[in-house]
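Novice:
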Amino acid sequence: MISTPVISLENLTVTYDRHPAVHHVCGCFQAGSLTAIVGPNGAGKSTLMKAIVGLLAPAGGGIRYAGIDRRRDVAYLPQQAEIDRSFPITVADTVVTGCWQEIGAFGRVTSAQWRRVAEALSAVGLDGFGRRLIGTLSAGQFQRALFARLLLQKASVILLDEPFNAIDARTTADLLALVQRWHGEEKTIIAVLHDFDQVRACFPQTLLLARELIDWGPTDDVLIPANLLMMRQMAERWADDADTCSRNRD
Amino acid sequence: MTPIPAPETGIEPMTLWHALAGPFIEYPFMRRALVACLALAIGSGPIGVLLLLRRMSLVGDAMSHAVLPGAAIGFLIGGLSLWGMTIGGFVAGLAVALLAGIVSRHTSLREDASFAGFYLASLALGVLLVSTHGSNIDLLHILFGTILAVDDSALFLVGGVASVSSLILLAIYRPLILECFDPGYLRSVSGRGSLYHLIFLVLVVLNLVASFQALGTLMAVGLMMLPAASARFWARQVGSMMLTAIVIALLSGFIGLLGSYRFALPSGPAIVLTGSIFYVLSILTGRRGGVLTRLLATRHLTG
Amino acid sequence: MKKLFAALLIGILAHAAPASARDLNVVTSFTVLADMVRQVGGDHVHVRSLIGPNGDPHVYEPTPQDGNALAKADLVFVSGLGLEGWMDRLIKASGYKGTVVVASKGVATLSMREEGKTITDPHAWNSAANGVIYARNIAFALAKADPQRATDYKIRGERYMQQLQALDSWAHKMVNAIPAYKRKVISSHDAFGYLGAGYGIEFRAPVGFSTESEASAADVARLVDQIKRENIRAVFLENSNDPRMIRQIASETGAVLGGTLYAEALSAPGGPAPDYATMFRHNIELLVKGMRGN
């Protein structure tokens, strides 16, 4: 299989109020790759992901998408906190929004699509949960529901932002298996993760980020002590008196 | 002032039908009031539910103040023309709502804070305009109508707004709901997340201003928010919440009007108080989370 | 020596001759009163009304200019009987220390119900007979404040009072020509207690008198029944309130909108009620025309 880059980051910089959340990141994600983004707290991992999805605009550099449409082909699982779980809506109605690309804002949902919803719920171990309100699910169950939605999106690129935070071990294992299945279907998967053991076990590629790119490549080559040491030296706080970055090119 | 004699009591027996429907059959103004309630229920009920779920419940009341500068400018341009003032009020309300929406979207300020800021600015501007240019006619009092005085044009206004509003709501239902509870997802699959939010705000202002003009602030806001709050205790999903809110609003209108007729209570407060009674009853006895319901539920299922 | 004495005499006489009297600055609470003062006062009395045309004299938000005008005023007129509740505070704040003339002094008062309480009806001026009393009080007050023109005021006052007396008689004649059972009208505001009592016209209103209170369906229903039963044909708007309730009742009963009555404020100068006398005449004419159709 010839590897082709599907998402290329070109000197990407994303800032908050002129402080760099991530800066000067270069590299590309190959089609069909399974990559973990790791780094310390505040390293800009979520920011990077949001930039790739298009939720944040780059302050410098850019992102190139080869052969895919960012809206249609990229699926994004945000951190749970951004969803209002007290909203009175059922699991099925939430999951069916995964069909957005097919039905858009106004199209009718066909029975075939409802069947796919049921199948997706089964696939994530939420059989019969369709009519439950999302507020009645546990964190793990809700995460499974969101994965079910991803299944319906039929995207070729999947981005997961800390998908296993505060989730029980059994759910994590099941969802990891799902991720492996996707990888087998040659989807490109990028996930922000904290557990290095998980990364070493399941993710062949790793992007090590500490606001700047430390290393990017096969996991075993990236997660070496030298890199990890550099990672720990990254200052967590933003420096109020920092100079303008010398690598700025206007 | 000579006292007005009591209403005539007919010779026919007071059947239930006569008691409930009689006043509406007999008096055109009662019929129109009921139709206005129906329009208000259909138009404002679903909107109230969404406002409630988005934690924007006080917007209605704030909006009744925000319309003042628009009404003042309408008055300055066209005198005491109701239509001029209503359109002016609508423009002002819309400006406040849209500015608040845009600011909350693009800055760190949340919706309620940005709304508070803009509506207060609008109110102050309105008071200033009225004080320096207007005579001392109470503009807002003239702008806000009463349900017993709903004439053809007011009925047309509320009815038209309710119809248009419901159709638009039905059309953008899915993206709007999604925007309410998972705006991030909507933004990632569709570029138009803000658009649906802005459409929603326009519908809010439209319904409120039309209702202010025809029915007065108390009724407009009361029948928008109280049925929605009550519906929370009966309906499971957002869709059925909206339908429940419509039904409760209509019942409040009907019972309130009857009470105003039978017991000589002022109409607007009677209707809104009926809505409040529904609200309290719902809190206590509602199937979902009612206080007494919870206290009395002793037996649970096996699984 | 003679020349010096003559010069001195002329000088003394020049000082002793009465100085041409300064014009009077008068402030009144609202337009009806302002017009009456102007009629009696003539060119040397400058009248300023705090409330403008078509305004509501029950509630008023004063401006700083009002305070100024009051401070510089020589005389202040109010109608009284509780109409201008806001006036006391304004006068105190402005520092005006002169006389406040109550124009309605001596009027035989009626009572009315407002917000559930019985109070004195303040709308005394709507009857021309009371207008005469107002004119008399105004003439007296002006003469007292400006003694040098006292004769002027007396003459003008008498003339105005005669005009109002004539209006009063005319009104009686017009109304008496209508049979008693037809003398009923519907009006949105109860400012016509004195007019009704003075000339024998029955006024009914569907709404409470305060701008805050709201009607009940029962009130409206009763009114509709009564209008239909007694065949009242004429409904009247009032120029400073919401006309919609009245219009609704008119359309429901088939009654005709008889026009706009002016109760608490004059119209703008080009309008149908630019001064008190015209206002009264206008009201009576509309009422009579409306009642004829009953």
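Residue numbers (the working numbering), protein chains in the order written: chain X, 78 to 327; chain H, -9 to 293; chain R, 11 to 304. We put the CB at the ideal spot given by N, CA and C, even for glycine. Since we're looking at a predicted model, the values are computed, not measured.
Could you check the C-alpha separation between D94/X and D292/X for me, to the nearest Å?
Specialist: Distance between the alpha carbons of D94/X and D292/X: 26 angstroms.
Novice: Using three-state DSSP, classify L285/X as helix, strand or coil.
Specialist: If DSSP states are grouped into helix, strand and coil, L285/X belongs with the strands.
Novice: Who are the neighbours of M289/R on chain H, taking C-beta pairs under 8 angstroms?
Specialist: Correct list: empty, because the minimum Cβ distance to chain H is about 17 angstroms.
Novice: Between A225/R and chain H, is there a C-beta pair that is closer than 8 angstroms?
Specialist: By this cut-off, A225/R is an interface position.
Novice: With a CB to CB cut of under 8 angstroms and the five nearest residues on each side skipped, what residues in its chain are close to V117/H?
Specialist: L58, listed in sequence order.
Novice: Does L125/X pass the burial test, meaning 16 or more other C-beta atoms within 10 Å, or should it be called exposed?
Specialist: L125/X should be labelled buried.
Novice: Can you tell me whether DSSP reads Q158/R as helix, strand or coil?
Specialist: Helix at Q158/R.
Novice: Within 8 angstroms (strictly less), CB to CB, does S220/R reach chain H?
Specialist: Since pLDDT at S220/R reaches only 37, below the 50 mark, its modelled position is unreliable, and the value read off the structure follows with that caveat. No, S220/R lies away from the interface with chain H (no Cβ there is under 8 angstroms from its Cβ).
Novice: Quick one: which chain X residues come within Cβ less than 7 angstroms of P165/H?
Specialist: Here the neighbours are A182.
Novice: Could you spell out the range, first to last residue, of the alpha helix (DSSP H) harbouring G261/X?
Specialist: Where G261/X is concerned, the enclosing alpha helix (DSSP H) stretches over A246 to G261.
Novice: Let me confirm a value: M232/H is counted as buried when at least 16 other C-beta atoms fall within 10 Å, else exposed. Which label applies?
Specialist: Classification of M232/H: buried, given that the 10 Å Cβ count is 16 or more.
Novice: Short of 7 angstroms in beta carbon distance, which residues of its chain neighbour L111/X, apart from the five on each side in sequence? Order them along the chain.
Specialist: Same-chain partners within the cutoff: H260, I266, F280, P281 and Q282.
Novice: Three-state secondary structure (DSSP) at E179/X?
Specialist: Helix at E179/X.
Novice: Cα-Cα, which of S137/R, G203/R, Y204/R and V234/R is closest to M289/R?
Specialist: Looking at the Cα atoms, S137/R is the closest of the given residues.
Novice: Assuming V57/R and A44/R are in contact, meaning their beta carbons sit under 8 angstroms apart, how far apart are those beta carbons, in whole angstroms?
Specialist: About 5 angstroms separates the two Cβ atoms, so the contact holds.
Novice: From which residue to which residue does the alpha helix (DSSP H) around L60/R run?
Specialist: Looking at the DSSP string, L60/R is not in any alpha helix (DSSP H), and its letter there is neither H nor E.
Novice: Check the DSSP bridge columns for I235/X and list the partner residues they point to.
Specialist: Looking at the DSSP assignment, I235/X forms a beta bridge with A152/X and I266/X.
Novice: Could you check what DSSP says for L174/R in three-state terms: helix, strand or coil?
Specialist: L174/R falls in the helix class under three-state DSSP.
Novice: Do G217/X and the ligand ADP come close, with the Cβ less than 7 angstroms from some heavy atom?
Specialist: Within the structure as shown, the ligand ADP is missing, as the structure has no ligands at all.
Novice: How many angstroms separate the CA atom of W191/X from the CA atom of L213/H?
Specialist: Using only the alpha carbons, I get a separation of about 36 angstroms.
Novice: Can you give me the C-alpha to C-alpha distance between V168/X and L291/H, rounded to a whole angstrom?
Specialist: Rounded to whole angstroms, V168/X to L291/H spans 22 angstroms at the Cα level.
Novice: Rounded to whole angstroms, what is the Cα-Cα separation between L113/H and H55/H?
Specialist: Those two C-alpha atoms are separated by around 6 angstroms.
Novice: Between A151/R, P74/R and F15/R, which lies nearest to L34/R when the distance is taken from Cα to Cα?
Specialist: The residue with the shortest Cα to Cα distance from L34/R is A151/R.
Novice: Which complete beta strand (DSSP E) runs does the region 165 to 221 of chain H hold, if anything under 3 residues is left out?
Specialist: Counting only runs of 3 or more, we get nothing.
Novice: Does the beta carbon of V269/X sit closer than 8 angstroms to a beta carbon anywhere in chain H?
Specialist: No, V269/X lies away from the interface with chain H (no Cβ there is under 8 angstroms from its Cβ).
Novice: Against chain X, which members of the region 170 to 200 of chain H pass a CB distance test of less than 9 angstroms?
Specialist: Under the 9 angstroms Cβ criterion, the region 170 to 200 of chain H contributes C170, F171, D172, P173, G174, Y175, L176, R177, S178, V179, S180, G181, R182 and Y186.
Novice: For chain A, check one thing: does any of its Cβ atoms lie closer than 8 angstroms to the Cβ of Y142/X?
Specialist: The chain inventory of the structure shown lacks chain A, comprising the protein chains X, H and R.
Novice: Three-state secondary structure (DSSP) at W73/H?
Specialist: Reduced to three states, the DSSP call for W73/H is helix.
Novice: Within 10 Å of its beta-carbon, does E71/R have 16 or more other beta-carbons around it, so buried, or fewer, so exposed?
Specialist: So E71/R counts as exposed.
Novice: How would you write the range of the alpha helix (DSSP H) that V201/X sits in, first residue to last?
Specialist: Looking at the DSSP string, V201/X is not in any alpha helix (DSSP H), and its letter there is neither H nor E.
Novice: Do you know how far the Cα of G249/H is from the Cα of G78/H?
Specialist: So the two alpha carbons sit approximately 35 angstroms from each other.
Novice: Tell me whether N1/R sits in a helix, a strand or coil according to DSSP, three-state version.
Specialist: Because residue 1/R is not part of the residues shown, which for chain R are 11 to 304, the question remains open.
Novice: Which residues bound the alpha helix (DSSP H) around V262/H?
Specialist: Run containing V262/H: S257 to T275, per the alpha helix (DSSP H) assignment.
Novice: For G279/H, does the count of other Cβ atoms within 10 angstroms reach 16, so buried, or fall short, so exposed?
Specialist: It is exposed - the Cβ of G279/H has fewer than 16 other Cβ atoms within 10 Å.
Novice: For R254/R, go through chain H and note every residue whose CB falls closer than 7 angstroms to its CB, in chain order.
Specialist: Going along chain H in sequence order, the residues near R254/R (Cβ under 7 angstroms) are G135, A139 and D141.
Novice: Does W7/H come out as helix, strand or coil in the three-state DSSP assignment?
Specialist: Of the three classes helix, strand and coil, the one that applies to W7/H here is helix, per DSSP.
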